[in-house]
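Engineer: So the protein lines, in turn, are chains C and B.
In case it helps, the numbering used here puts the first sequence at residues 80 to 500.
In case it helps, the numbering used here puts the second sequence at residues 1096 to 1254.
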Amino acid sequence: MNAPIILNTQHFDQPWTLENYLKVGGYQALRKVLTEKMSPDAIIAEVKASGLRGRGGAGFPTGLKWSFMPRNYQGEKYLVCNSDEGEPGTCKDRDILRYNPHMLIEGMAIAAYCMAVKTGYNYVHGEVFECYERMEAACEEARKAGYLGKNILGFDFEFDLHNHMGYGAYVCGEETALLESIEGKKGQPRFKPPFPASFGLYGKPTTINNTETFASIPYIIREGGKKFADIGVPNSGGVKLFSVSGHVNKPGNFEVPMGTPFRKLLEMAGGVRNGHKLKAVIPGGSSMPVLPGEIMMEVNMDYDALQKAGSYLGSGAIIVMDETTCMVKALERLSYFYHEESCGQCTPCREGTGWLYRIVHRIEHGEGRPEDLDLLLDLCNNIAGRTICALGDAAAWPVQGMLKHYRNEFEYHIEHKRCLV
Amino acid sequence: MLSQQITTLIDKELKKYPADQRQSAVMAALRFVQDEKGWIASADMADVAAYLGMPQMAVYEVATFYHMYNLKPMGKHTLTVCTNLSCQLCGSGDTLDHLNKRLGIGLGEVTPDGKYGLREGECMGACVDAPLLTINNKKMCGRLTSEKIDQILAELDKQ
Ligand SMILES: Cc1cc2nc3c(=O)[nH]c(=O)nc-3n(C[C@H](O)[C@H](O)[C@H](O)COP(=O)(O)O)c2cc1C
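(1) What's the call for residue 1235 of chain B, buried or exposed, on a 16-neighbour Cβ count within 10 Å?
(2) To be precise: take each residue of the stretch 1217-1249 of chain B, compare its Cβ to all Cβ atoms of chain C, and keep it if any distance is under 8 Å. Which residues remain?
(3) Look up residue 389 of chain C in the DSSP assignment and give the residues it is bridged to.
(4) Taking the Cβ atom as the reference point for each residue, do residue 160 of chain C and residue 310 of chain C lie within a distance shorter than 9 Å?
(5) Determine the direct distance from the alpha carbon of residue 476 of chain C to that of residue 423 of chain C, and round the result to whole angstroms.
(6) In terms of alpha-carbon separation, which member of C:120, C:225, C:214 lies closest to residue 194 of chain C?
(7) Sorry if obvious, but does the Cβ on residue 311 of chain C come closer than 8 Å to a heavy atom of ligand 1?
(8) Please name the residues in the stretch 1180-1191 of chain B whose beta-carbon is closer than 8 Å to at least one beta-carbon of chain C, in chain order.
(9) Please go through the same chain and pick out, in chain order, the residues whose beta-carbon is closer than 8 Å to the beta-carbon of residue 1101 of chain B, but skip the five residues on each side of it.
(10) Just verifying my parser: in three-state terms, what is the DSSP assignment at residue 1229 of chain B?
(11) Please report the distance separating the alpha-carbon of residue 1165 of chain B from that of residue 1135 of chain B.
(12) Would residue 237 of chain C pass as a contact of residue 197 of chain C if the rule is Cβ separation under 9 Å?
(13) Does DSSP put residue 333 of chain C in a helix, a strand or coil?
(14) Taking Cβ positions, are residue 1147 of chain B and residue 1176 of chain B nearer each other than 9 Å?
(15) Rounded to whole angstroms, what's the CA-CA distance from residue 359 of chain C to residue 437 of chain C? Just pull it up for me.
(16) Looking only at its chain, what residues have a beta carbon closer than 8 Å to the beta carbon of residue 179 of chain C, apart from the 5 residues adjacent to it on each side?
(17) The beta strand (DSSP E) that contains residue 320 of chain C, what's its start and end?
(18) Looking at the structure shown, is residue 278 of chain C part of a helix, part of a strand, or coil, going by DSSP?
(19) Could you list which residues in chain B have their beta carbon closer than 9 Å to that of residue 404 of chain C, in chain order?
(20) If you draw a straight line from the C-alpha of residue 1218 of chain B to the C-alpha of residue 268 of chain C, how long is it?
(21) Quick check on residue 438 of chain C - is its C-beta less than 9 Å from some C-beta in chain B?
(22) When the Cβ atoms of the stretch 196-210 of chain C are set against those of the stretch 157-174 of chain C, are three or more pairs found closer than 8 Å?
(23) Unbroken beta strand (DSSP E) runs of length 3 or more, entirely within the stretch 1129-1183 of chain B: which are they?
(24) Could you name the residues of chain B that residue 380 of chain C contacts, counting a contact when the two beta carbons are closer than 7 Å?
(25) Can you tell me where the alpha helix (DSSP H) with residue 131 of chain C in it begins and where it stops?
(26) Nearest to residue 355 of chain C by alpha carbon, out of C:328, C:156, C:127?
(27) Rounded to whole angstroms, how far is the Cβ of residue 1161 of chain B from the Cβ of residue 248 of chain C, which I believe are closer than 8 Å?
(28) Who are residue 396 of chain C's beta bridge partners in DSSP?
(29) Whole angstroms is fine: what's the gap from residue 114 of chain C's alpha carbon to residue 1169 of chain B's?
(30) Within 9 Å (strictly less), CB to CB, does residue 472 of chain C reach chain B?
(31) Identify the contact partners of residue 241 of chain C in chain B, using a Cβ-Cβ distance below 7 Å as the criterion.
(32) Of the residues that make up the stretch 259-292 of chain C, which ones have a beta carbon closer than 9 Å to any beta carbon in chain B?
(33) Measure the beta-carbon distance from residue 1144 of chain B to residue 1150 of chain B and round it to whole angstroms, keeping in mind my assumption that it falls under 8 Å.
(34) Can you pull out the residues from the stretch 407-427 of chain C whose beta carbon lies closer than 7 Å to at least one beta carbon of chain B?
(35) Does residue 332 of chain C have its Cβ less than 9 Å from a Cβ in chain B?
Rendered as C-alpha cells:
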C-alpha cells in the first residue's frame, strides 16, 4: 500500500495538530500557490488534470465547477464545505474533520485564493459534535499561525473560515438546502437554475464542495494533478476514502486508489463477519442500488465500473450484508429514512416516500399484497426525476435495486408472511 | 429571557456571519438554549426571535425542522440511538431492547425521575462504529454492547 495522501497524519499520537500537519508537508501547497503567484487558470488546470471528481456523491468534476465562479464579480463571494455527512453508511469526512482538519483548511484556502473568495463556511453534521469542536480549534490554531485571516503567510491574501453546525436533517447535505440552513432557515432545497455559482449563499456567487474533495487539493497542487490522476484509473482519478460498515469483521475507513477491487476492500475490512457468506452490498451510500455479492466480488471501485455493474460509486460508503440479512427489513429501514427526511416541499417526494415506506412496512409485517411490488415500482417512476432535489431519486433507487435483484424475497414475504432467510 | 451565558454564546456565533445576517445564528442559538434547559419551549423561541430580530414563526420553523432539537423535556441525559441500516445490521435493535429494559421507557419517553430520555436518531455519520448512540447531542458512544451500555449508564448515574 502506498503512503496515505489524505489521512496522512494517522501515525501521530495527535494527528490533528498543526505541528504534526506541518511535519508531513502541510501548508506547503498554499505557500507554493502564494509564492509563485499561481494564476486561477493554472490552479484550475492542475485540478482538471488531477481528474478529481466531487466526493460528495455526484462525482462532478471539481476543476470545471471552480471555473463556473464569476471572475469579475464585484462584492462578496463564498466558499462552502459540505461536511454534513449523513448518507447512511458514509463516515469518511468525519475522519478528515477529526484527524486532519488542517488539510481541509489548506484545501479551502487554496480554493478561496483561486476563486478570489474571502469567507468560507464549513457545515458540520450535527451528530458529530466532537468534529465541530475539533474544527473550531483547528481554525483558531490556523488563524494564530497566519494560515487564515488577513495577509496569509505575509501575502496580500485574505480568507477566513467558520464552522456552522447542522442539527439533524439529512436533506441539508443537498447543497442548496445547506445554503438555506446557513441562512438560518429550514433546509429546503432551492430550484436550480440559478446555480450556486451565480446565486448562492446570501444570494452571492458560491462554490460548494465536499470535505474530501477539498482535502484532496493540497496534494494535487504540491505534487501536480497528473500524479494524483495516475494513482487512480481513467475517469476516476486519485485516491478515495471508502467507509466499510455492516457485516464485516473490521469495519473502518480505508484510503485506497480509485479502481481498487471490492474484493480487496472487503479483505481490508477483515472479511464478512464470523465466516458468514457475502449476500449483498450497497456500494456507494444508502441511496445507491444494492448489488448481489457475486457481482460485487468482480467489481472495481470506480465510477465507470460500478455504473456498468448497475449501481454508482456515490459517496464511497460500502454497506456489507451477509446471508442472514432480510432484504425486506433492510429496505423497510431505508424507506423509513427517506420518508422521515423528505423536506416536504415537492409532492412526489413528500407523498411518495410515505407510500414507499408504508408498503414495504406492510410487506415486512406480513400484510403485503401481490400487486404491491408493481405498485412500488410505479411509485418510484413517479418520484425519481420529478422533484427539486435528488432526495426523491435517492428514495427510489434502493427500492428499484432491491426489487431488481431480490424480488423473490419480497414475493416470498407476501405469500408466506415471513422471511425467506 | 435568555440568560447572560446564552447571549454571550450567541454574540460569539454572530461574529461568523455578515452583520445584516443575524438569522444565520438561529440554529446555534436554539442549540445553546437546549444545552442550558434540556429542551426548547415556545417562550424560548420567542426570546431567540427577539434577540436575532426575526419573526417568531421563522424560529419555530427551524426548531421543528431539525430533529435534534427537543421540543419537550427529554430528561437530564437524552440518549439518541441510531437505528439506520448500518446500525441495524450491527444490532441497534439489541441496543434499544437493552435500554428499554434498563430504563423502563420506550422511544420518545422520559424516566419518571426525569433523569433519562430516549430518542431514535437518523444516520449519525459514524457507521463504522455501529451500533451507536449520542448523549445530549454531545458525546458519541459506539460499538455498543450490553456491558458497554451498562457502563455508560453507571457513569451517567453518578452525575
Ligand atoms: C439528499 C442529498 C443529500 C446529500 N448529502 C450530501 C452530504 O452529506 N455530503 C456531501 O458532500 N454531499 C451531499 N450531497 C451532494 C451535494 O448536493 C453536492 O453535490 C456536493 O456537496 C458537491 O460537492 P462535490 O462536488 O465536492 O461532491 C447530497 C445530495 C442530496 C440530494
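From the three backbone atoms N, C-alpha and C, an ideal C-beta is built for every residue, glycine too.
Structural biologist: So, from the listed chains and residues:
(1) buried
(2) For the stretch 1217-1249 of chain B, the set of positions with a beta-carbon nearer than 8 Å to some beta-carbon of chain C reads 1217, 1218, 1219, 1220, 1221, 1222, 1223, 1224, 1225, 1229, 1232, 1233, 1234, 1235 in chain order.
(3) Its beta-bridge partners do not exist; DSSP assigns none.
(4) no
(5) If you take the alpha carbons of residue 423 of chain C and residue 476 of chain C, they lie about 19 Å apart.
(6) C:120
(7) no
(8) Cβ contacts with chain C: 1180, 1181, 1183, 1184, 1185.
(9) 1124, 1127, 1128, 1131
(10) strand
(11) 6 Å
(12) Between residue 237 of chain C and residue 197 of chain C, the C-beta gap is smaller than 9 Å, which places the two residues in contact.
(13) Strand.
(14) Result no, Cβ atoms of residue 1147 of chain B and residue 1176 of chain B do not sit closer than 9 Å.
(15) Computed Cα separation, rounded: 24 Å.
(16) Take residue 179 of chain C, set aside five residues on each side of it, and the residues of its chain with a beta-carbon closer than 8 Å to its own are 85, 86, 87, 88, 94, 95, 100, 294, in chain order.
(17) Element bounds for residue 320 of chain C: 318-325.
(18) coil
(19) 1184
(20) 20 Å
(21) Look at residue 438 of chain C: its C-beta is not under 9 Å from any C-beta on chain B.
(22) yes
(23) 1172-1177
(24) Here the premise fails: no neighbours, minimum Cβ distance about 16 Å.
(25) Here residue 131 of chain C belongs to no alpha helix (DSSP H), and DSSP marks it neither H nor E.
(26) Among C:328, C:156, C:127, the Cα nearest to that of residue 355 of chain C belongs to C:328.
(27) 5 Å
(28) C:322
(29) In a straight line, the C-alpha of residue 114 of chain C is about 54 Å away from that of residue 1169 of chain B.
(30) no
(31) 1111
(32) Those would be 260, 261, 262, 263, 264, 265, 266, 267, 281, in chain order.
(33) With a beta-carbon spacing of about 6 Å, residue 1144 of chain B and residue 1150 of chain B fall inside the 8 Å limit used to define contacts.
(34) Flagged, chain order: 409, 412, 413, 416, 419, 420.
(35) yes
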